């Protein structure tokens with residue numbers, strides 16, 4: 113516990129005032145997110161010792177050009193991208209990488225002002241409305257890896273040892289902010305070879321940077337190629353989740369590492385074969401903010417998170433949904449409406465739902481796909497059609513138990529917004545990605561079989 117707490121802004125002046133009063137042996141900047149990292153260099157220049165990872169190493173990870181050079185030296189893969197200091201530079205970079213691209217200001221937290229743009233018109237609009245680009249305030253333009261699998265890795269390091277705390281697989285595909293995505297530890301679909309590659313690359317980057325303390329790396333896997341998205345030489349928001357899942361207090365271990373102590377005692381956690389799966393799910397404030405769209409993207413929207421833990425992924429995911437306030441159904445009608453490219457993938461889910469006794473409700477395009485596969489579907493009108501009833505009518509009448517809907521374009525986008533807002537208002541569980549829907553259907557199967565158990569964390573940790 114702390115000897116004293118200061119409720120002051122994280123500005124250089126305020127921190128220096130506290131340092132002058134307390135006369136500490138050093139300052140740790142790894143536990144406050146992105147803001148303290150920006151203070152590392154000016155604090156060092158003011159003569160304040162920085163414990164753990166050096167300010168230069170922090171800057172090397174945060175500065176785009178220096179970081180790109182590091183990745184090249186290590187012969188690792190990155191999505192094509194560049195730093196732009198003007199609209200012309202941004203357009204040149206986007207054309208060179210190929211649309212879609214992910215654009216964002218440098219040095220931001222929570223994905224603020226981050227956006228996926230699909231053409232030149234979207235890029236121009238983003239530059240005009242979202243950011244003020246200049247030589248002093250550049251933006252980052254990266255090739256967006258569509259349908260890529262995202263991975264988070266948390267590690268603790270000293271000058272001579274790097275220990276991987278956890279490898280977490282995101283349930284939603286690339287494009288959803290890591291703070292909003294659900295994730296599983298250990299990964300539920302990666303093979304051991306892929307996990308070992310992720311571990312090796314994390315260790316290589318930690319050693320090259322000279323990390324002392326905590327490190328978070330975000331990866332993407334697309335067509336079996338591993339891409340490094342970003343490296344954060346600090347505690348990530350997943351550290352409490354990982355610590356609870358594996359039974360090791362990573363923040364405490366990292367603090368001791370920053371004070372020069374060995375972390376050899378926890379090196380064995382990498383070799384443990386866990387008999388449980390922990391699932392992190394995000395909690396959103398949408399019921400409190402009726403004007404906020406519930407579609408997830410690069411900009412973080414969640415305000416909390418919960419954890420579900422059980423013997424396998426399906427049951428762990430089920431518990432995470434219950435903890436997040438989403439009551440999955442055991443009977444009733446499921447409304448399914450997905451964009452064209454998702455129709456094939458969702459067909460197998462629809463069949464599994466009918467085999468569990470659920471009824472299917474769908475709009476014309478999705479309904480035709482299901483009917484061609486021999487499934488019985490209740491056809492419902494689109495929301496903006498003049499004829500009634502539509503799915504919102506059924507939702508308000510309590511006839512829809514679950515919504516699976518992937519947002520489309522044009523008129524379908526407006527329909528989609530009204531459907532998901534009604535789902536939030538009526539407390540109907542809803543899934544806006546095929547990956548989330550697949551996890552939910554597996555969880556419902558586990559729920560119907562009564563497979564999940566209630567056990568203490570200590571019991572799970574005793575099994576390893």
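Residue numbers (my numbering): 113 to 576.
Note that CB positions come from ideal geometry on N, CA and C, so glycine has one too.
Here the structure is a predicted model, which means the values were calculated and not measured.
Check: Beta-carbon proximity check, residue 366 vs residue 325, cutoff 7 Å; Outcome: yes
Check: Rounded straight-line distance, which links the Cα of residue 293 to that of residue 504; Outcome: 27 Å
Check: Beta-carbon proximity check, residue 265 vs residue 310, cutoff 7 Å; Outcome: yes
Check: Collapsed DSSP secondary structure at residue 554 in the structure displayed; Outcome: helix
Check: Distance between beta carbons of residue 487 and residue 463, contact taken as under 8 Å; Outcome: 6 Å
Check: Those residues which DSSP pairs with residue 261 across a bridge; Outcome: 333
Check: Residues near residue 314 by beta carbon distance below 8 Å, same chain, minus five either side; Outcome: 265, 267, 274, 276, 327 and 329
Check: Beta-ladder partner(s) of residue 447, from DSSP; Outcome: 473 and 515
Check: Own chain, CB closer than 7 Å to residue 499, minus 5 neighbours either side, in chain order; Outcome: 493
Check: Reduced DSSP category for residue 237 - H, G, I as helix; E, B as strand; rest coil; Outcome: helix
Check: Euclidean distance between Cα positions of residue 561 and residue 419; Outcome: 21 Å
Check: Every unbroken beta strand (DSSP E) inside the segment 455-511 [3 residues or more]; Outcome: 471-474
Check: contact_flag[the segment 416-435, the segment 393-401] where n(CB pairs < 8 Å) is 3 or more; Outcome: yes
Check: Counterpart residues of residue 581 in DSSP-defined beta bridges; Outcome: For residue 581 there is no data in the structure shown, the boundaries of the chain being 113 and 576.
Check: Nonlocal neighbours in the same chain, by C-beta distance under 6 Å from residue 429, ignoring five residues either side; Outcome: 391, 551 and 555
Check: Assigned exposure category for residue 187 - 16 Cβ within 10 Å defines buried; Outcome: exposed
Check: Residue range of the beta strand (DSSP E) that includes residue 217; Outcome: 213-217
Check: Pick from 449, 534 and 285 that is closest to residue 405, judged by C-alpha positions; Outcome: 534
Check: Coarse secondary structure for residue 344, derived from DSSP in three states; Outcome: strand
Check: Rounded Cβ spacing between residue 409 and residue 228 (contact assumed at less than 8 Å); Outcome: 7 Å
Check: CB of residue 260 within 7 Å of CB of residue 332, strictly; Outcome: yes
Check: Among 283, 536 and 322, nearest to residue 173 - alpha-carbon criterion; Outcome: 322
Check: Beta carbon of residue 176 nearer than 7 Å to that of residue 167; Outcome: no
Check: Nearest candidate by alpha-carbon position, reference residue 573, set 384, 557, 564 and 449; Outcome: 384
Check: Cα-Cα separation, residue 204 to residue 233; Outcome: 13 Å
Check: Cβ-based neighbour list, residue 454, same chain, cut-off 8 Å, excluding 5 preceding and 5 following; Outcome: 518 and 546
Check: Close Cβ partners of residue 288 (< 6 Å) along its chain, the five nearest in sequence each way excluded; Outcome: 408
Check: With 16 other Cβ atoms within 10 Å as the buried cut-off, status of residue 427; Outcome: buried
Check: Endpoints, the beta strand (DSSP E) within which residue 130 is located; Outcome: Careful: residue 130 lies outside any beta strand (DSSP E), inside the alpha helix (DSSP H) at 124-134.
Check: Sequence-distant residues of the same chain with beta carbon closer than 6 Å to residue 425, five excluded per side; Outcome: 296, 300 and 389
Check: Distance, residue 319 Cα to residue 312 Cα; Outcome: 11 Å
Check: Burial state of residue 532 (16 or more Cβ within 10 Å); Outcome: buried
Check: Runs of beta strand (DSSP E) wholly within the segment 334-418 (minimum 3 residues, chain order); Outcome: 337-344 and 389-395
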